[in-house]
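A.B. asks: Residue numbering for the sequence shown follows the working numbering, starting at 404 and increasing by one per position.
Ideal Cβ positions, reconstructed from N, Cα and C, are used throughout, including at glycine.
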Amino acid sequence: MASRILVIDDEPLIQRVIQAMLHEYGYVVDGVLTCAQAEQMLATTSYCGMMVDYNLPVEDGISFVRRLQQQNVYIPTIIISGQDYLTVQARASDLAVSACLAKPFDMNVLIATVQQAFGAAV
């Protein structure tokens, strides 16, 4: 069974790019546009990790991760953002987040970060 990752990003192009990059390394990627859709997926599917965009409509990615953790839902998480990297990293510092990754990202950095945070694809 392949390692499955949930990508939450309101930009379908970003989802497709991440999916293509990770697919080359054996990961299966499910993409959703909103935190509400992510909650539905998390309720029905097992993931080795999730990548969450910081700047999402309705609820930002860090607030979403914080809410999950307050409900004792812990999943290895990488926060991705095109916003000011240091601000995002500071906001995520009190959470159990595996990494923060700035957009645009280099494929080698993305793969190394995913493998470190979620483990190699099986």
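Along the chain, where does the beta strand (DSSP E) containing residue 517 start, and where does it finish?
C.D. replies: Translated into the one-based positions of the sequence shown, residue 517 becomes position 114. Note, residue 517: premise wrong, no beta strand (DSSP E); alpha helix (DSSP H) at 510 to 521.
A.B. asks: Using DSSP with H/G/I as helix, E/B as strand and the rest coil, what is residue 464?
C.D. replies: Here residue 464 corresponds to residue number 61 of the sequence shown, with the count starting at 1. Residue state, collapsed to three classes: helix.
A.B. asks: Within the continuous alpha helix (DSSP H) that includes residue 439, where are the two ends?
C.D. replies: Taking the first residue of the sequence shown as position 1, residue 439 is located at position 36. 438 to 447 is the extent of the alpha helix (DSSP H) around residue 439.
A.B. asks: Compare the C-alpha of residue 462 against each of 508, 422, 437 and name the closest.
C.D. replies: Here the question's residue 462 lines up with position 59 in the sequence shown. Nearest C-alpha to residue 462: 437.
A.B. asks: Let me know the secondary structure DSSP gives residue 483 once reduced to three states.
C.D. replies: Against the sequence shown, residue 483 aligns to sequence position 80. Strand, per DSSP.
A.B. asks: My output table needs one value for residue 416: the three-state DSSP class, helix, strand or coil.
C.D. replies: As a first step, residue 416 must be located in the sequence shown, where it is residue number 13. Helix at residue 416.
A.B. asks: Measure the CB-CB distance between residue 364 and residue 510 and report whether it falls below 8 Å.
C.D. replies: The question about residue 364 has no answer, for the chain in this structure spans 404 to 525.
A.B. asks: So if DSSP puts residue 456 in a beta bridge, which residue, or which two residues, is it bridged to?
C.D. replies: In the sequence shown, the residue the question calls residue 456 occupies position 53. Paired residue(s): 483.
A.B. asks: Select from 411, 518, 494, 504 the residue whose C-alpha is nearest the C-alpha of residue 444.
C.D. replies: Your numbering for residue 444 matches position 41 in the sequence shown. When only C-alpha atoms are compared, the closest one is 411.
A.B. asks: Where residue 498 and residue 475 are concerned, what is the direct C-alpha to C-alpha distance, given to the nearest angstrom?
C.D. replies: Locating residue 498 in the sequence shown gives position 95, where the first residue counts as 1. Locating residue 475 in the sequence shown gives position 72, where the first residue counts as 1. In a straight line, the C-alpha of residue 498 is about 12 Å away from that of residue 475.
A.B. asks: Would you mind working out which of 408, 409, 417 sits nearest residue 506, comparing C-alpha positions?
C.D. replies: Position 103 of the sequence shown, counting from 1, holds the residue named residue 506. When each option's Cα is compared against that of residue 506, the closest is 417.
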